[in-house]
Structures are given as C-alpha cells and as structure tokens.
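In terms of the working numbering, the sequence shown opens at residue 4 and continues consecutively.
Don't be surprised by glycine CBs; every beta carbon is placed ideally from N, CA and C.
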Amino acid sequence: MQIIKYFSAIIATTVLLAAPVYAQQASDATPPATAATKKALHKQNWQTENAVHKALSRTKGLDAANIVVVARNGAVTLDGTVPDASQIQLAQDTAQGVPRVKSVANALSVKEAGN
4 MQIIKYFSAI
14 IATTVLLAAP
24 VYAQQASDAT
34 PPATAATKKA
44 LHKQNWQTEN
54 AVHKALSRTK
64 GLDAANIVVV
74 ARNGAVTLDG
84 TVPDASQIQL
94 AQDTAQGVPR
104 VKSVANALSV
114 KEAGN
C-alpha cells in the first residue's frame, strides 16, 4: 500500500511541475498568420513580380520573353533562358533596381542554339 501512495505522489508531483512548463511554452508561441495577412502578402509578392517583369521587358538589349520572375517577401528569383550570356547580368541588375526588391537569385541560363 505504501508503494502505491509513493508512486501516486511522484506522478502527482510530475504532473504539477510539467503543467506550468507547458503553459509557458504555449504562451511564447507566435499566433498563426490571419487570412488577411496572407492575402496582403500574396498581393505584395504579385505586385513585386509584375514590377520586375515590367522592368525587364522595358530594358533595352534584354529579351525577357523566357524569363520567369518569382518574388517572396522581397527576395526575387529569376529563372529561364536568355539568348546570350551578357543578358544574364543585365537582367539581375535590372531586377535589383526595382523598388521592394531586397535580393535577387539569378538562375538564368543561355538558350542553346537551335532550341
């Protein structure tokens, strides 16, 4: 009988000590993003993508027809192909000059002849 009381006391103590620790961790958690926040972020990404693509299309000496632009929180990725190697750096420089662009990852490649 003494053993049962002893284990009951240990279990009760463990539960009491663990509960506040769990509560502290839960209160430190950040709340999930609301639908309005996600929608605004999506809109901002879309606007940045459009602004970069527009700038690329208007840049003289750059064929932007096969360039795909993806923006996430100011980080822009350029993907696709360009006719010659000099246009790769030109595209990156142009994208970097667009407002709201914080960084540019350039994954452009030169289109092979005949393809």
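By the Cβ-count criterion, T40 is exposed, with fewer than 16 other Cβ atoms from all chains shown falling within 10 Å of its own Cβ. Residue pairing by DSSP places T80 opposite V73 and A108 in a beta bridge. Counting of Cβ neighbours within 10 angstroms places Q50 among the exposed residues, the total staying below 16. Only exposed fits Q5, as fewer than 16 other CB atoms lie within 10 angstroms of its CB.
One Cα belongs to R103, the other to N69, and the distance between them is close to 23 angstroms.
Distance between L93 and R61, taken at the CA atoms: about 12 angstroms. Distance between L65 and T84, taken at the CA atoms: about 11 angstroms. Within the same chain, and ignoring the five residues on either side of Q95 in sequence, the residues whose Cβ sits closer than 6 angstroms to its Cβ are V107 and N109. Less than 7 angstroms separates the beta-carbon of V113 from that of A88.
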